[in-house]
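Asks:
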Amino acid sequence: MPDIVETRMSELFNVRVRDDDHPMTRNELAAAMAWCDVLVPTITDSIDQSLLAHAGDSLGLIANYGAGFDNIDIQTARLRNILVSNTPGVNSEDTADMAICLMLAVTRRLREGFRQMKKGEWQGWAPTALMGTRLGGKRLGILGMGRIGTAVARRAKVFGMQIHYHNRKRVHKDLENELDATYWESLDQMVSRMDIISINCPHTPSTFHLMNARRLKLLKENAIIVNTSRGEVIDQNALTRMLRKGEIAGAGLDVFEKGNEINPRLMNLDNVVLLPHIGSATLEGRVEMGEKVLINIKTFEDGHRPPDLVVPSMM
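Structure below.
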């Protein structure tokens, strides 16, 4: 967490803080859970059933430092009477910025241009050099029209893109009118007609490999796909094969199916832009996340329901 958040936390509570950003080992997490009242993990810390077995009687709240909570076994936590909170809504704007950034990076071939400059290969301006495509007029298909998906749509509309979306349920008509958005009940039909797909849905059992090999093959050859949500939503191996064969024009990925384990064949493709999960990485966003964690902990310590319980019925 930013220093300002850790300082504030230390003023309010008796805190033990890690001195670096490296993920805690399972043994370290187990040891912490044995004595603490509140655990503040990040989304890379897997708090599963076997780890929760080490929780001491005093552990009453897991205040996740992140909007996602698929790193925590919610049902086991509930059975052990441990509440779970997260930090929703804080990162929507930052992540939406990154989605647009990736769209621009892929369509305007920034990776190839940067490589030319870095290797000293640029020979000067030429009328047909590194021609990309514009975002204006393109059909954008948004998979998941929650906070982030909506923020992506608002930005894309400014670029002159046509907004389409697939969601578990149709959004309010006022929002559709604001965005001039078209709802697709069939995901297959939507992806087959889009120029760009933006993945903005969470990872759940029902969304695992939602973009599988069969569905990826529905994309047009000149389509690109951008993922700033969860890597597990896309079958990474299938995507890599199709990108290498030219069956999909490009991809911009900030998240990957197996954390930081990336298919090496994906790394060398010029039509792919890869980022190390920094979609929400702004100082302002990280501080706001920390403030939400503090509020959840303070509310819990005062004997009230934390405002950001991931399952309200837990309390």
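Quick note, in numbering that gives the first Met the number 0, the sequence shown goes up one by one and the last residue is 314.
Each residue gets a CB set at the ideal place from its N, CA and C atoms; glycine is no exception.
Since this is a predicted model, take the numbers as computed values, not measurements.
(1) Suppose contacts are defined by Cβ-Cβ distances below 8 Å. Is Asn63 in contact with Ile71 by that definition?
(2) Going by CA-CA distance only, name the one from Ala155, Trp183 and Leu174 that's closest to Arg167.
(3) Can you tell me whether Met130 is buried or exposed? The criterion is at least 16 other CB atoms within 10 Å of its CB, across all chains shown.
(4) Tell me which residues share the same chain as Phe158 and place their Cβ nearer than 8 Å to its Cβ, disregarding the 5 neighbours each side in the sequence.
(5) Using CA atoms only, rank isn't needed, just tell me which of Glu175, Ile261 and Met210 is closest to Ser191.
(6) Strictly by DSSP, which residues pair up with Asn90?
(7) So Ala66 packs on Asn85, CB below 8 Å; how close in whole Å?
(8) Would you report the Cα separation of Met45 and Met32, rounded to the nearest angstrom?
(9) Closest by CA to Leu217, which one among Gly230, Asn199, Asn226 and Ala237?
(10) Look at the alpha carbon of Gly145 and the alpha carbon of Asn199, and state the distance between them as a whole number of angstroms.
(11) Could you tell me whether the region 284–302 touches the region 4–11, using the rule of 3 or more Cβ pairs below 8 Å?
(12) Measuring CB atoms only, is the region 225–232 touching the region 95–114, in the sense that at least three cross pairs come out at less than 8 Å?
(13) The beta strand (DSSP E) spanning Val83 covers which residue range?
(14) Taking the beta carbon of Asn221 as the centre, do at least 16 other beta carbons fall within 10 Å, making it buried, or is it exposed?
(15) Return the chain-ordered ranges of every beta strand (DSSP E) run that is complete within the region 241–287 and spans a minimum of 3 residues.
(16) Let me confirm a value: Glu231 is counted as buried when at least 16 other C-beta atoms fall within 10 Å, else exposed. Which label applies?
(17) Is it right to say Ile384 is buried, meaning 16 or more other beta carbons lie within 10 angstroms of its own, or is it exposed?
(18) What is the rounded straight-line gap between the Cα of Arg107 and the Cα of Gln74?
(19) By Cβ distance, which residues of its chain are closer than 6 Å to Phe299, with the 5 residues on each side in sequence left out?
(20) Report the rounded CA-to-CA distance for Thr239 versus His276, giving the unit in angstroms.
(21) In whole angstroms, what separates the C-alpha of Ala280 from that of Leu82?
(22) Specify the secondary structure class of Val225 as computed by DSSP and reduced to three states.
(23) Just how far apart, CA to CA, sit Asp173 and Val89?
(24) Give me the Cα-Cα distance between Val16 and Asp194, rounded to the nearest whole angstrom.
(25) Can you tell me whether DSSP reads Ile162 as helix, strand or coil?
(26) Could you check what DSSP says for Met210 in three-state terms: helix, strand or coil?
(27) Taking the alpha carbon of Val309 as the reference point, which residue from Ala95, Thr127 and Arg77 has its own alpha carbon closest?
(28) Would Gln122 be called buried (16 or more neighbouring beta carbons within 10 Å of its own) or exposed?
(29) Let me know the secondary structure DSSP gives Thr127 once reduced to three states.
(30) Shortest alpha-carbon distance to Gly278 belongs to which of Ala95, His21, Met0 and Asn13?
(31) Please return the same chain residues whose Cβ sits closer than 6 Å to the Cβ of Ser197, not counting the five positions on each side in sequence.
(32) Could you check the C-alpha separation between Gln115 and Met189 for me, to the nearest Å?
(33) Less than 8 Å between the CB atoms is what I'm expecting for Leu178 and Ile162, so what's the real figure, rounded?
Replies: With the given structure in hand:
(1) Yes, these two residues count as a Cβ contact at 8 Å.
(2) Checked all of Ala155, Trp183 and Leu174; the closest Cα to Arg167 is Trp183.
(3) Under the 10 Å beta carbon count, Met130 is surrounded by fewer than 16 other beta carbons and is classified as exposed.
(4) If we look at Phe158 and ignore the five residues flanking it on each side, its Cβ neighbours are Ile99, Leu134 and Gly135.
(5) Nearest Cα to Ser191 within the set Glu175, Ile261 and Met210: Met210.
(6) DSSP, once it has assigned bridges, lists no residue as partnering Asn90.
(7) Between the beta-carbon of Ala66 and that of Asn85 there is about 6 Å, and that keeps the pair under the 8 Å contact cut.
(8) Note that residue 45 corresponds to Ser in the displayed sequence, not to Met. So the two alpha carbons sit approximately 13 Å from each other.
(9) Check the Cα spacing between Leu217 and each of Gly230, Asn199, Asn226 and Ala237: the tightest is with Ala237.
(10) Between the alpha carbons of Gly145 and Asn199 lies a distance of about 8 Å.
(11) With the cut-off at 8 Å, the region 284–302 and the region 4–11 touch.
(12) Three or more Cβ pairs closer than 8 Å define a contact, and the region 225–232 meets that threshold against the region 95–114.
(13) For Val83, the enclosing beta strand (DSSP E) starts and ends at Leu82 to Ser84.
(14) The residue in question, Asn221, is exposed, as its Cβ has fewer than 16 Cβ neighbours within 10 Å.
(15) Assignment of beta strand (DSSP E) within the region 241–287, counting only whole runs of 3 or more residues, yields 249–252 and 271–273 in chain order.
(16) Glu231 is buried by the Cβ-count criterion.
(17) The requested residue 384 does not occur in the structure, where the chain is confined to residues 0 to 314.
(18) Their backbone Cα atoms lie some 45 Å apart in a straight line.
(19) In the same chain as Phe299, and ignoring 5 residues on each side of it, the C-beta atoms closer than 6 Å to its own belong to Leu60 and Pro305, in chain order.
(20) Approximately 18 Å, taken between the alpha carbons.
(21) Taking the straight line joining both Cα atoms gives about 26 Å.
(22) Judged by DSSP in its simplified three-state form, Val225 adopts strand.
(23) Each residue's Cα considered, the two are about 23 Å apart.
(24) Straight through space, the alpha carbons of Asp194 and Val16 are spaced by roughly 46 Å.
(25) DSSP places Ile162 in the strand class (E or B) of the three-state scheme.
(26) Note: Met210 maps to strand in three-state DSSP.
(27) With distances taken between Cα atoms, Val309 lies closest to Arg77.
(28) It is exposed - the Cβ of Gln122 has fewer than 16 other Cβ atoms within 10 Å.
(29) Thr127 falls in the coil class under three-state DSSP.
(30) The closest CA to that of Gly278, considering only Ala95, His21, Met0 and Asn13, is found on Ala95.
(31) When the five nearest sequence neighbours on each side are left out, the beta carbons in the same chain lying within less than 6 Å of the beta carbon of Ser197 are those of Ala98, Ile141, Val151 and Val225, in order along the chain.
(32) When rounded, the separation of the alpha-carbon atoms in Gln115 and Met189 is 36 Å.
(33) Taking 8 Å as the upper bound for CB-CB distance, Leu178 and Ile162 are in contact here, some 5 Å apart.
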